[in-house]
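Every letter in the sequence shown is one number past the one before it in my numbering, and letter 18, counting from 1, is 43.
Idealized CB from N, CA, C, for every residue including glycine.
Right, one structure below, let's go through it.
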Amino acid sequence: MRRLYLVVILAIIVIGLAYAIYLFLGARQLGMEQKVIIVDAAPIAKPLFDNVIPFFENQTGIKVQVSYEASGVIFSKLREGVPLDVVVFASQDWGLKALNQGLVYPEPTTGVGYQIVLLYIRSTVPYNITCIDDLANYPIRVGIANPDVAPAGLEALKIINQSSNADTIRGKIVVANDIAQLVTWYKLGSVDAAFIWNNFMGQLKNYTKNIVYPWKCGYNTSIYYTPAYVSKTSKNIEAAKQFVVFLNSDYVKNVAKRLGFFASLDEARRFMESASS
């Protein structure tokens, strides 16, 4: 009888320990799941994020699941209530639109950097293209990102429309879904010239014959800012805030500068002035 009693007590202890371990592992797993954030960013951020996200993950234990889409597509997902933790737009216009519609939190916010659209001419192009007007003179394919959702594409159209040959140039346009697809097309030779952000210069230098700076030809050229926000659909607000604050760190700023982002509006303006001389 005593032996049976001991067996029952031992069984209860084993079951209790097993249950405690189950609860511990379950809580740990839940905690791990809570440390995953979903980031939806404009493709302009990809070179930077490829460099800095592993560092963030190692330092914080927070896993970052990132996808890249045009700013207008990200905005539409916010309006539809798609669960996103952090969003990064390629222009302040889209960011302010999301902020004004209550789709993102006003704080914390930061910017990845400033950038300018340039005209890249592929090394395979046999013609002497030194200004925007020259695009009308040759049988070439001119790539732009979708202007309805991609700020670089809208800026490209604004630049092209200033040309006296705008109608002819527009007839040569090939439209990509976003900058990521346009960069791929450019590398593959699917387009001969493309309007792409300045921070892709390093990535595209081996494919490029020359770069046209639109303002040097007398074309009004805008400087764009890439803001990051915590989404109102976030299910991990504190972790999302931590990532946005990280993007404002000196570490990220130094990497961004190395990759071609301008740290300030003045720096972008100084670049434009120096390129004009």
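For residue i, which residues of its own chain have a beta-carbon under 8 Å away from its beta-carbon, when the five flanking residues on both sides are left out?
i	result
G106	T258
D291	none
Looking at the unbroken alpha helix (DSSP H) that takes in residue i, where does it start and where does it end?
i	result
L182	P176 to I185
V280	D275 to R283
D158	Segment: none, D158 is in no alpha helix (DSSP H) and carries neither H nor E.
K260	Segment: none, K260 is in no alpha helix (DSSP H) and carries neither H nor E.
F220	Where F220 is concerned, there is no enclosing alpha helix (DSSP H), although the beta strand (DSSP E) it sits in stretches over A218 to W222.
I69	Run containing I69: none; DSSP gives neither H nor E here.
V208	I204 to L213
G168	First-last for G168: V167 to A170, but that is the beta strand (DSSP E), not the alpha helix (DSSP H).
A288	Note, A288: premise wrong, no alpha helix (DSSP H); not H, not E.
Q117	Q117 to N125
V98	S96 to R104
K243	One point to set straight first is that residue 243 is Gly, not Lys, in the sequence displayed. It is not in any alpha helix (DSSP H) - G243 carries neither H nor E in the DSSP assignment.
Residues in its own chain within less than 6 Å of residue i by CB, not counting five upstream and five downstream?
i	result
A115	A67, I69, S96, P176 and T251
M297	W240
A36	With a pLDDT of 49 at A36, under the threshold of 50, the predicted position of this residue should be treated as unreliable, though the coordinate-derived value follows. Cβ within range, chain order: n/a, list empty.
R295	none
To the nearest angstrom, how far is it from the Cα of residue i to the Cα of residue j?
i	j	result
S299	N125	36 Å
S289	W222	16 Å
R53	V98	Note on R53: pLDDT 48, under 50, position unreliable in the model; the coordinate value appears next. Near 35 Å, if we compare the C-alpha coordinates of V98 and R53.
V137	N153	35 Å
S215	C156	21 Å
A293	T85	32 Å
L207	A201	5 Å
R283	G227	10 Å
E82	Q267	11 Å
L121	L213	35 Å
L182	P172	7 Å
M57	K88	Below a pLDDT of 50, predicted positions are generally treated as unreliable, and M57, at 46, falls in that range; the measurement from the model is reported next regardless. Going from the Cα of M57 to the Cα of K88 covers about 9 Å.
P133	D192	44 Å
N273	S301	31 Å
Q90	G178	26 Å
F287	Y139	5 Å
K197	D118	28 Å
F80	F271	10 Å
N279	K71	16 Å
V237	Y145	6 Å
R195	I185	8 Å
With the cut-off set at 7 Å, would you say residue i and residue j are in Cβ contact?
i	j	result
A161	N190	yes
Y253	T135	First, the amino acid is wrong: residue 253 is Ala here, not Tyr. Yes, the Cβ-Cβ distance between A253 and T135 is below 7 Å.
S255	A265	In the sequence under discussion, the amino acid at residue 255 is Val, which differs from the Ser named in the question. Yes, Cβ-Cβ distance for V255 and A265 is below 7 Å.
Q187	Y244	yes
A281	L143	no
V112	D65	yes
How would you write the range of the beta strand (DSSP E) that residue i sits in, first residue to last?
i	result
T149	No beta strand (DSSP E) holds T149; DSSP gives it neither H nor E.
Y254	I248 to V255
V237	T233 to V237
V111	V111 to V113
S92	K88 to Y93
V129	It is not in any beta strand (DSSP E) - V129 carries neither H nor E in the DSSP assignment.
V199	I198 to A201
Here's a check: name, in chain order, each residue in its chain whose Cβ is nearer than 7 Å to the Cβ of residue i, leaving out the five neighbours to either side.
i	result
P108	I63, T258 and K260
Self-check item: Stretch pair the segment 225-233 + the segment 162-169: three plus CB contacts closer than 8 Å
Solution: The answer is no - the segment 162-169 does not touch the segment 225-233, with fewer than three Cβ pairs under 8 Å.
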